[in-house]
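As structure tokens, the structure follows; a few thoughts come after it.
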Amino acid sequence: MKRLLIDVVVMSLQYAAVLNDIFEHVPTEIPQDIVERVLDGAATVNDASDLLKCDPAAVFKFADILREGLVGNSVSYIINRNINFSDNCTGTCTFCAFREHRGFRMSVDEIAQTADDAVRTGATEVCIQGGLMDDMYLEDYCNILKSIKSRFPQLHIHAFSPMEVFHMSQNSGTSIKDTLVALKNDGLDTMPGTAAEILSDRVRREICPDKLTSSQWINVVETAHRTGIPTTATMMYGHIETMTERIQHILTIRDIQLRTGGFTEFVPLPFMPYNNPLGERLMAEGYYATTGVEDLMVHAMARILLYPHVRNIQASWVKLGKKMAQYALFCGANDLGGTLMEESISKSAGAANGEYMPPEEFQWIIRGAGRDPVQRDTLYRKIVTE
Ligand code: SF4
């Protein structure tokens, strides 16, 4: 008991020292009362709006200081493989360039074979997502999980977006809870927090009217967390959403995290305006893709608004490009995502950054930023290799 008390006191003193350090180094342009609320994990919409009026360089610095205090100077990456098992989809999302792009559907055996390839190349995770199909039932998704887990029990299965879970639950007439329990029992370890787009029903009605609503997304994710299935959190920004809707989205993620603690990371995803109806419409109105400063600002704001509840902010090298993702490490990000080995969703929407980045290149980029590369697993545990 005495030992425990001493540990608590030492940790409190260490935390106080970190907070002091942060206070001392935050640029003077950032109002002190905002810094205090951020450190309390309670920044408001108004705080976010005020920060957006500050010099971006000061906001980047503030986010960088928070990152250093919370997670230190390590930058993580994961050796994983994407398996997008079909681009057949009954969805109507106007930003989607993936649907029916190549017209393919993998069998369960082909999916397991791809997982086999992933294991041979050192992957610790497969990330499995596909389109929505009328003839795919809960049982079919469970068969995918079982065929992989029976061969590779150690391989982490990160699979099925909240939209796919919602779809299989409706198709099979099972509740969200029962659907998630069945998936977990058959090998689902964690889920990607995709299909979030912007958690505003005004925005969703316009860009993805047939997708699950904001509250349905929140319900699937919270139920997953309560079923013992952690998820990532994402935000697809840079289309028709307002700045306030963007901020509200990030604060919604923070609220969920406070209730469940189930998010492993937050991944900002800039909208890719190519080869899809929404992008073509916006570009015809004089819109271009998000700018570099805007992308960096979103990563910095995510670090600030989610501090200290969500520890990991990922810069997606596929969406941002390798050089911009490296620079995001100075604006609050502490993770560069995965090797992927196959990436068809962003590529079909015009991302030009390749399908695979080897671990050595991650290490090169991270060392080039003066940070320490760390291979991690899906739950952000360090992997030590020989
Ligand atoms: S984003 Fe997903 S759900 Fe929407 S149309 Fe594309 S594949 Fe279908």
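In my numbering, the protein residues as written are 626 to 1011.
We put the CB at the ideal spot given by N, CA and C, even for glycine.
The three-state reading of DSSP puts residue 702 in strand, counting E and B together.
Straight across, the Cα-Cα distance linking residue 843 with residue 881 is about 8 Å. With fewer than 16 other Cβ atoms inside 10 Å of its own Cβ, residue 640 counts as exposed. Look at the segment 862-908 and you find these whole runs of beta strand (DSSP E), each 3 residues long or longer: 888-895. In this structure the segment 730-738 does not touch the segment 678-692; the number of beta carbon pairs closer than 8 Å is below three.
Fewer than three beta-carbon pairs drawn from the segment 782-799 and the segment 824-831 are found closer than 8 Å, and the two stretches are therefore not classed as touching. In this structure, the beta-carbon distance from residue 954 to residue 700 falls below 8 Å. Membership of residue 639 in the alpha helix (DSSP H) is indicated by the continuous run 627-650. Here residue 1004 is exposed: its Cβ has fewer than 16 other Cβ atoms, across all protein chains shown, within 10 Å.
Burial is judged here by how many other beta carbons sit within 10 angstroms of a residue's own beta carbon; residue 948 has fewer than 16 and is exposed. If you check the CB distance, residue 874 and residue 897 do not come in under 8 Å. Set against 7 Å, the gap from the CB of residue 739 to the closest heavy atom of the ligand SF4 is not smaller.
For residue 906, the CB stays at least 7 Å from every heavy atom of the ligand SF4.
Taken in chain order, the whole beta strand (DSSP E) runs of length 3 or more contained in the segment 789-824 number zero.
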